[in-house]
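Please read the structure below before turning to the comments.
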Amino acid sequence: MKQNERIIIIGAGLSGLTLAYLLSKKNVFATVLEASNRSGGRIQTIKGENETPLELGATWFSDMHPNLISLLDELELKKFPQFSKGKCLFQTKSFEPAQEFYIPEAETPSYRIAGGTERLINTLYEKIDAEQIKLKTKVVSIEEIENELIVESNKGEKFIADKVILCLPAQLVGSQIKFIPELPNTISAVLPTVQTWMAGAIKFVLEYSEPFWRKNGYSGMLYSHVGIVSEMYDHTNFEEDKFGFTGFLNGSSSTYTKALRIELVLRQLEELLGKDASTPLSYHEKIWTDEFILNGNRIINIPHQNNGHPLFQKTYMGGKLFFSGTESIDKFSGYMEGAILSAKNTLKKILI
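Going by our numbering, the first residue of the sequence shown is number 134, and it counts up by one from there.
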């Protein structure tokens with residue numbers, strides 16, 4: 134790598150911010166361009182009425198994800214196991230009572246980040262010079278001129294780079310960025326076919342003043358083939374003084390109004406867990422189909438389709454353009470571990 138190389142990272146999700154952080158540790162400073170008005174990408178933690186950290190995006194990880202755990206340790210962030218003690222519920226048919234069963238507490242549990250997953254994003258952000266990160270800066274074109282790349286935003290801003298790293302979903306690369314000259318047909322044909330992890334998911338969170346389900350011997354885990362809630366988990370915080378649920382609604386409910394979704398969620402939970410379930414402090418949801426995730430409403434239903442495709446391991450535009458991000462890597466693609474692993478792999482490539 135040449136001294137004082139100008140590096141631009143497109144996308145301020147976990148992969149982009151991790152890469153910027155790793156570069157800064159080597160005294161290499163990159164500019165990070167982010168189309169939305171916030172960093173974090175598919176990590177989004179909000180606060181409820183009682184300041185409960187509620188996850189609308191990426192939440193869980195395990196001991197199978199050593200790169201993520203190592204980064205958390207380095208940043209001095211705590212992890213804690215997902216609560217799973219007690220009775221679980223499984224609704225198989227609308228005309229039968231829900232089945233109750235016990236799942237032993239796992240020897241290798243799923244974990245969450247104390248204070249919310251966004252603490253990882255915020256901590257990385259704090260480690261990077263704030264002037265490096267430009268929000269509400271959507272890249273619309275990348276042009277190769279001699280030995281440089283000219284990156285242009287939707288506001289007409291132009292950034293000159295020696296290397297550009299794409300840390301955003303492949304579908305968006307193919308649909309929203311114009312390349313001059315065009316990328317090879319091989320990679321251009323793959324981009325629209327890459328599944329974007331979380332795309333089309335409807336995540337919901339409920340906040341309560343008391344963990345009534347725990348007191349009644351329930352774990353908070355629910356799986357259903359019947360109701361609007363398809364799966365749900367206890368969402369009590371690390372300190373165990375703020376309480377709630379998080380989970381996923383079935384995909385067809387995206388056509389309902391939000392008011393109807395709330396009504397159906399509370400009705401289902403009241404039938405299963407009693408009247409206490411019908412009076413949450415707050416309800417929030419996110420349908421992951423916005424312009425920062427998908428090209429229109431295109432949803433590919435084959436998990437991890439073309440994630441980690443060999444063409445993402447190559448460089449383009451004379452070795453100056455790189456693909457990174459969780460869908461670009463063949464190990465743990467779609468997961469936070471994949472985002473961090475892709476950042477580490479890309480770091481090795483650009484420091485050559």
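Where is the CB? At the ideal position from N, CA and C, for every residue including glycine.
On a predicted model such as this, the values are computed, not experimentally measured, just so you know.
Residue 224 - DSSP class collapsed to helix/strand/coil: Reduced to three states, the DSSP call for residue 224 is strand.
Please tell me whether residue 272 and residue 310 are closer than 8 angstroms, where the distance is taken between their beta carbons. Contact check for residue 272 against residue 310 passes: the beta carbons are separated by less than 8 angstroms.
Would you mind reading off the limits of the alpha helix (DSSP H) that contains residue 259? For residue 259, the uninterrupted alpha helix (DSSP H) run begins and ends at 251–260, by DSSP.
Could you give the first and the last residue of the continuous beta strand (DSSP E) run that contains residue 232? 232–235
Comparing the C-beta of residue 178 with each C-beta of chain C, is any distance below 8 angstroms? No chain C appears in this structure, which consists of one protein chain only.
Is the Cβ-Cβ distance between residue 169 and residue 425 less than 8 angstroms? Residue 169 is a Cβ neighbour of residue 425, given a cutoff of 8 angstroms.
Considering only the beta carbon of each residue, do residue 246 and residue 210 sit closer than 8 angstroms? Yes. Within cutoff.
Does the stretch 297–312 come close enough to the stretch 371–389 to have 3 or more Cβ pairs within less than 8 angstroms? Contact check between the stretch 297–312 and the stretch 371–389: fewer than three CB pairs, one atom from each, fall below 8 angstroms, which does not count as touching.
Helix or strand or just coil, what does DSSP make of residue 163? Strand at residue 163.
Considering only C-alpha positions, which residue in the set 162, 337, 476 and 365 is nearest to residue 141? 162
Roughly how many whole angstroms lie between the Cα atoms of residue 227 and residue 266? 50 angstroms
List the whole-angstrom C-beta distance separating residue 436 from residue 328, where the pair is believed to meet the contact cut-off of C-beta under 8 angstroms. 7 angstroms
Does DSSP put residue 454 in a helix, a strand or coil? Strand at residue 454.
Three-way DSSP call (helix, strand, coil) for residue 359 in this model: coil
Residue 234, buried or exposed, once every other Cβ within 10 Å from all chains shown has been counted against 16: exposed
With three or more beta-carbon pairs closer than 8 angstroms as the criterion, would you say the stretch 350–362 touches the stretch 390–410? Proximity of the stretch 350–362 to the stretch 390–410 meets the contact definition, three or more beta-carbon pairs being nearer than 8 angstroms.
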